[in-house]
Structure formats: structure tokens, C-alpha cells
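> Going by this note's numbering, the residue at position 76 of the sequence shown is 816; the numbering climbs one at a time, nothing skipped.
Okay, here's the structure, questions in a sec.
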Amino acid sequence: MALDLNHKSVLLTGGTGSFGKQFVRTVLEKFPQVRRLIVFSRDELKQYEMAQTFPTAQYPAMRYFIGDVRDAARLQRACEGVDIIVHAAALKQVPAAEYNPMECIKTNIFGAENVINAALDCGVKDVVALSTDKAAAPINLYGATKLCSDKLFVAANNMKGSRDLRFSVVRYGNVIGSRGSVVPFFLQQRHTGVLPITHPDMTRFNISLDEGVDLVLYALEHAWGGEIFVPKIPSYKITEVAEAIGPNCRQEIVGIRPGEKLHEEMITETDSLSTVELPKYYVILPFTPIWDVDKFIQHFHGQRVPVGFHYDSANNEEWLSAEQIREEIRQHVDASFEAV
């Protein structure tokens, strides 16, 4: 049965972020009769600004709940009568997490636990949590907290008892143009004539907000419970991003920052033992599934990946050129963008 969010109540944690705004826009367009679309976040200014774009007078399904995923009682109140939770709230800045480790742990790990408990207690049917490529073989605290979060959501399927409830995870790479990412930083810096490059060989995965939203909707429609969905997406070299944004700028090598990888990874060699390939996605299956794995593979016409398979941004078949990156920026970041 195709996904239908009409007449459903959906709660989105971290809903004022880049992903949240695109998710809300997509749901309102595709499912105009959604019963409630609850934006749950802690920043009242961002909620106010988002309400100017999606006012409740025009979109009566919209609800704006001020709250923090660290606050279990407030989160549980927000989840009353909710059918679906999309968990996007997180502290995501690598340097900030290294300097403020307990704050990152409180939001990314204890907040995940609160989301799980609220779903279990409030009759929620589906939960999809957003992960990151930094959760695969993490070397920084942010990645470690997201790996822990992923493990919590996967294991939550073993705690649901007789509830009609599925927890799943989606893991993807850098969203082009998202706050704090390299594209807006380079756009700000290009007027100086110098773009700082951490390492000339550095690569990253790339995904658009639309593709990120589509992955979440796919998980909502198809998850059996406990899967980590990984999209097949292109990579780019950081030097190609610099060339795309400032072809006349000098590229200055400044060195890799603490907690950064040269290449990002989404599926490790160890993950290959439980990973299935589908036409558009990879799926990391839970090590202790509560359903028949062979039936899952047959149902989705999938196949197991070879033992030793790994998926990282340097080990990819699809790459974005500087011109393709320029077009991505025009489509998803700034329609008037021109390289200078």
C-alpha cells in the first residue's frame, strides 16, 4: 500500500532546520489533508520565522511546539495522538561537540531515548530517525553519539512488545547548502579571493534536501522495523566545490580539523555482513531482526552485498564535476548563483 499521510498526525523534532522546512513543504504539497504537522523545536525565533512561511491560517494542520528532546515530559505531551515521528533534532557541529561533549550526549543520545519512550507510551505507529555518515566508524564525538542513537532506535523494535510500531533509521551524507556546510561557507568567503581547503584529496557524499525527504518517506512506507536505509548518492571532491564556487579564487591548504575524516563512510566492511542492496538504496539489516530476512530480501527484490563490501565517499561510481556542483547550487541553494 502506498504511503498516505492524509488524516495522520506527524511530529517532526528539530523541525525548523533545513531538512524540517523541506519535509514540511513536501508533506503539505503531497498530503494536503494531513491532520496535524507538528514542528517540535526549542528556538522560538526560528519557529516564528517558519510560521511566516507556513502560517496556521493558510495551513491549519500546522502546529508549533516549543520544546527540547531532552525534556521527556514535554516531548510526551507533544506526542499525544501522534501517528508518526520523524526525528531530526540533533547537535551536529563537530567542533562544538568536541568542546561541549555532554551537551551533545544529552541531545543526541538521551534525546533519542526520550523519543523512543514517547513513541512507546503514546501509541505512535512509525518512527524514522535521521542519522549521518559520521556514525559509520566514528572518529569524533558527534559521530559516536549518532551511532549510539542509531543503535537505540534499532534496538527499540525489540522493546515494543505487541505494539503496532516500527522504528527505522535513514543515514545519508552532506546536504548541499545546509547550514554550517561547506557550500554556504565558500559562498561567503569567495569575495576574499581565497578559499581554505582542509586537504586536496578530501571527498564527501552529496544529497539534496529533496532526496533526503524522499528517503524518509520511503522508510515510512517500506520499513519492517530496525533497518538503516542508505541512499546511493554521488560524491564530490572538496577542490571541485571550490572550483565550482570560486574558479578564480586561490585554494589555500589549511589542514584537516580535529575530528574530521579524509573520506566519509556510510557502510563499513563489518556492516556488509548484514547489508542488502536494493535498486536505489542499501539497507543495513538489524543483527537480531524480529522478522524473516529472506522474506524481506525476496519482497524487495534485493540481494546481499559481498562480504568485505564498504561504501565510502572515495569508493563511489558517481562523482559530481564542478559544473554539476554549480547546477546543484542553482537548483537547491541560490537560483541566481553564478561563479565569479
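Glycine included, every Cβ here is placed at the ideal spot set by N, Cα and C.
Remember, it's a predicted structure, so these values are computed and weren't measured experimentally.
Between which two residues does the alpha helix (DSSP H) harbouring M842 extend?
Unbroken alpha helix (DSSP H) run through M842: P841 to I845.
> Could I get the ranges of all uninterrupted beta strand (DSSP E) runs contained in the region 1009-1058, with 3 residues as the minimum, in chain order?
Counting only runs of 3 or more, we get 1015-1017 and 1021-1024.
> Out of A813, F1040 and I849, which has the shortest C-alpha to C-alpha gap to K891?
Checked all of A813, F1040 and I849; the closest Cα to K891 is I849.
> For A896, which of N880, G966 and T1015 has the nearest alpha-carbon?
Among N880, G966 and T1015, the Cα nearest to that of A896 belongs to G966.
> Got a sec, what are the start and stop residues for the alpha helix (DSSP H) R814 sits in?
First-last of the alpha helix (DSSP H) with R814: A812 to A818.
> Using a Cβ-Cβ cutoff of less than 6 Å, which residues in the same chain neighbour F771 once the five nearest sequence positions on both sides are dropped?
Cβ within range, chain order: L745 and N746.
> Can you have a look at Q762 and say buried or exposed, based on whether 16 or more other CB atoms are within 10 angstroms of its CB?
Per the 10 Å Cβ criterion, buried.
> Considering Cα atoms alone, identify which of D783, E1004 and I916 is closest to Q1064.
Comparing Cα-Cα distances from Q1064 to each of D783, E1004 and I916, the minimum goes to I916.
> Would you report the Cα separation of E769 and H827, rounded to the nearest angstrom?
Approximately 20 Å, taken between the alpha carbons.
> In whole angstroms, what is the alpha-carbon distance linking N857 and A982?
Between N857 and A982, the C-alpha separation is close to 44 Å.
> Can you give the Cα-Cα distance for E1005 and A797, rounded to whole angstroms?
Looking at the two C-alpha atoms, the distance is approximately 44 Å.
> Would you check if the region 1000-1019 and the region 927-946 touch, i.e. whether three or more CB-CB distances between them fall below 8 Å?
The region 927-946 is in contact with the region 1000-1019.
> So, with DSSP's three-state summary, where would you put H827?
Three-state DSSP puts H827 in a strand.
> Within 10 Å of its beta-carbon, does T932 have 16 or more other beta-carbons around it, so buried, or fewer, so exposed?
By the neighbour-count rule (16 or more Cβ atoms within 10 Å), T932 is not buried but exposed.
> Identify, in the order they occur along the chain, each residue of the same chain with its Cβ nearer than 7 Å to the Cβ of L743, setting aside the five sequence neighbours on each side.
The answer, listed in chain order, is L957, L960 and E961.
> Candidates T756, R803, Q1071 and F780: which alpha carbon is nearest V809's?
For V809, the nearest C-alpha among the options comes from F780.
> Give me the Cα-Cα distance between T847 and Q928, rounded to the nearest whole angstrom.
Distance between the alpha carbons of T847 and Q928: 29 Å.
> Pick helix, strand or coil for S889, following the three-state DSSP scheme.
Of the three classes helix, strand and coil, the one that applies to S889 here is helix, per DSSP.
> For D1011 and V922, what's the separation of their Cα atoms in angstroms?
Whole-angstrom Cα-Cα distance: 28 Å.
> By alpha-carbon positions, which one of N914, F1040 and V953 ends up nearest to I978?
For the residues N914, F1040 and V953, the minimum Cα distance to I978 belongs to N914.
> So is P878 buried or exposed if we call it buried at 16+ other beta carbons inside 10 Å?
Label assigned to P878: buried.
> Could you give the uninterrupted runs of the beta strand (DSSP E) lying entirely in the region 930-1010, keeping only those of 3 residues or more?
Counting whole runs of 3 or more residues, the region 930-1010 contains the beta strand (DSSP E) stretches 934-937, 943-947, 968-971, 975-977, 990-993 and 1005-1007.
> Identify every residue that forms a DSSP beta bridge with A869.
A869 is bridged to H827 and V909.
> In the DSSP assignment, what residue or residues form a beta bridge with N746?
N746 pairs with V774.
> Which same chain residues, not among the five before or five after L949, have their C-beta less than 7 Å away from its C-beta?
S758, F759, Q762, V915 and H1072.
> Between which residues of its own chain and V910 is the CB-CB distance below 7 Å, once the five residues before and five after are set aside?
Same-chain partners within the cutoff: V868, L870, S871, L955, V956, A959 and F969.
> Would Y976 be called buried (16 or more neighbouring beta carbons within 10 Å of its own) or exposed?
Its Cβ being crowded by 16 or more others within 10 Å, Y976 is buried.
> Can you look up M899 in the DSSP assignment and give me helix, strand or coil?
Three-state DSSP puts M899 in coil, outside helix and strand.
> Whose C-beta lies closer than 6 Å to the C-beta of A801 among residues of the same chain, with five residues either side of it excluded?
Only V774, R776 and L777 meet the Cβ criterion.
> I'd like the list of long-range same chain contacts for A884, defined as Cβ closer than 7 Å, with 5 residues on each side in sequence excluded.
These residues qualify, in order along the chain: P878.
> Drop a sphere of 10 angstroms on the beta-carbon of V1023, count the other beta-carbons inside from all chains shown, and report buried for 16 or more, exposed for fewer.
The residue is buried, with at least 16 neighbouring Cβ atoms inside 10 Å.
> Which of the three DSSP states, helix, strand or coil, is assigned to V822?
Three-state DSSP puts V822 in coil, outside helix and strand.
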